[in-house]
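In terms of my numbering, the sequence shown has 308 at position 33, counting the first letter as 1, and numbering is strictly consecutive.
For every residue, glycine included, the Cβ atom is placed at its ideal position computed from N, Cα and C.
Values in this document were obtained by computation on a predicted structure and should not be read as measured data.
I have placed the structure first, in the form of structure tokens, so that the comments after it can refer back to it.
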Amino acid sequence: MHEHLRFIFIFRSAEVMAIVLSITNQKGGVAKTTTALSLAHAFARKNADRKVLLIDLDSQRNATSILLGNQEITPERSVYSLFQTKKPESGVLYATKMPNLSIIPSNLHLVEVESQLSGALDGFFRLNDALQSLRHEFDIIILDCPPSLSVITINAMVSADFLLIPLQISKFSIDGIQNIRDAVTTVNRRYNAHLKIAGGCLTLHDGRTTLSQAMIPEVEKILPMLKTTIPRSVAVEEAHLMRQDIHDYAPGNKVATAYAALADELEAVFAADRGGAPP
Ligand SMILES: Nc1ncnc2c1ncn2[C@@H]1O[C@H](COP(=O)(O)OP(=O)(O)OP(=O)(O)O)[C@@H](O)[C@H]1O
Ligand SMILES: [Mg+2]
């Protein structure tokens, strides 16, 4: 290799930054948080050298309470601080039971961010700015979005490389998907040309119902779908109650297996985008 090309190659590989994956759907209860938690664990479990970060962008704090329990979290040491102009404190990162998985927890004060940012010129870019340094520290950053197409969700789209859209099949989900697609088009055009849709993923899926089977082609007309589907299992609710990852709670469970397969499928999408390099 020519000497200066070799230098560029080494320089670029040292510069490789985290992939930011946003789990987004404005519809409530479609398994965004379950998917964010399960994928974060699956990515961390697959490679102990890889550093994974989960960011809880929902003031309901579901991911936070599952991973950190009742631990007291001040606004300054939560995701709230990522939306302030002041640089975030290093104390926003919390360790989890998994050594290579960290979380930036949510806090109820996050609801104030909507009104704080509504008049700010850089309102859609706060999260992206805050993530700049974190992108160098982690390999994969997963964003658990709230159930709305709010300023916070737009911040997630502006920061993300990929969008994963968990969905349950119904007439309403099809209308909702069209709204997300329109939002992605606008974000691509005006704020973040790099944002790509990794795909939709059927969650809480019951393959036996003819309604959901019949509607899959309709969904595929609007949204590219990932091959992996996530079935229903009571073990998910039980694992959440025990504050455990589904794989740790029930390793052979069909949902645990499905999320491992989804992580594999997404890694292939990321690698293809990076010309074959794994994240
Ligand atoms: N595969 C599954 N099987 C059974 N129950 C599930 C499964 N996935 C998620 N659930 C349950 O469905 C409910 C909604 O899931 P979750 O909280 O992950 O959705 P969400 O999209 O994050 O909701 P919100 O929009 O309120 O943030 C939860 O009670 C969760 O335990
Ligand atoms: Mg949620």
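Asked	Found
Integer-rounded CB distance, given that ILE379 should sit under 8 angstroms from VAL388	Actually they are not in contact, since the Cβ atoms of VAL388 and ILE379 sit about 14 angstroms apart, beyond 8 angstroms.
Of the residues PHE358, ALA306 and ASN463, the one placed nearest ASN337, counting alpha carbons only	ALA306
Bounding residues of the alpha helix (DSSP H) (the contiguous stretch that carries ASP523)	521–524
For ILE497 and LEU479, the rounded distance between their alpha carbons	20 angstroms
Any non-hydrogen atom of ligand 2 closer than 8 angstroms to ALA514 Cβ	no
Candidates LYS321, ALA458, ILE455 and ARG464, of which the one nearest HIS522 by Cα	LYS321
Contact the stretch 410–428 vs the stretch 323–342: 3+ CB pairs below 8 angstroms	yes
Of the residues LEU439, ASP457, ALA510 and VAL462, the one placed nearest GLU540, counting alpha carbons only	LEU439
Exposed unless 16 or more other CB atoms sit within 10 angstroms - verdict on PRO554	buried
Nonlocal neighbours in the same chain, by C-beta distance under 8 angstroms from GLY482, ignoring five residues either side	GLN488, THR504 and PRO506
Beta-carbon proximity of GLN443 to LYS302, cut-off 9 angstroms	yes
Whole-Å CB distance - LEU424 paired with ALA473, under 8 angstroms assumed	Contact flag wrong, Cβ pair sits at about 18 angstroms.
Cβ-heavy atom distance, ASN337 to ligand 2, below 8 angstroms	yes
Near ligand 2: PRO422 beta-carbon under 8 angstroms from a heavy atom	yes
Sub-9 angstroms separation of ASP333 and LEU385 beta-carbons	yes
Cβ pair THR299, MET432 closer than 9 angstroms	yes
Which of helix, strand or coil DSSP assigns to LYS502	coil
Sheet register partners of HIS480 (DSSP bridge)	PRO506
6 angstroms Cβ shell around PHE545 - same chain, five flanking residues per side excluded	ILE294 and PRO554
With 16 other Cβ atoms within 10 Å as the buried cut-off, status of ASN345	exposed
Local conformation of PHE437 per DSSP, three classes	strand
Span of the alpha helix (DSSP H), counted from its first residue to its last, around SER408	401–412
Where the beta strand (DSSP E) through SER297 begins and ends	294–298
Simplified DSSP assignment, three categories, for SER381	coil
Beta-carbon gap between ALA323 and ALA538 smaller than 9 angstroms	no
ALA395, buried or exposed, once every other Cβ within 10 Å from all chains shown has been counted against 16	exposed
Beta-carbon proximity of LEU470 to LEU402, cut-off 9 angstroms	no
Ligand 1 heavy atom lying under 8 angstroms from the CB of VAL305	yes
Proximity below 9 angstroms, CB of TYR534 to CB of SER313	yes
Buried or exposed by the 16-neighbour rule on C-beta atoms within 10 Å, applied to VAL494	buried
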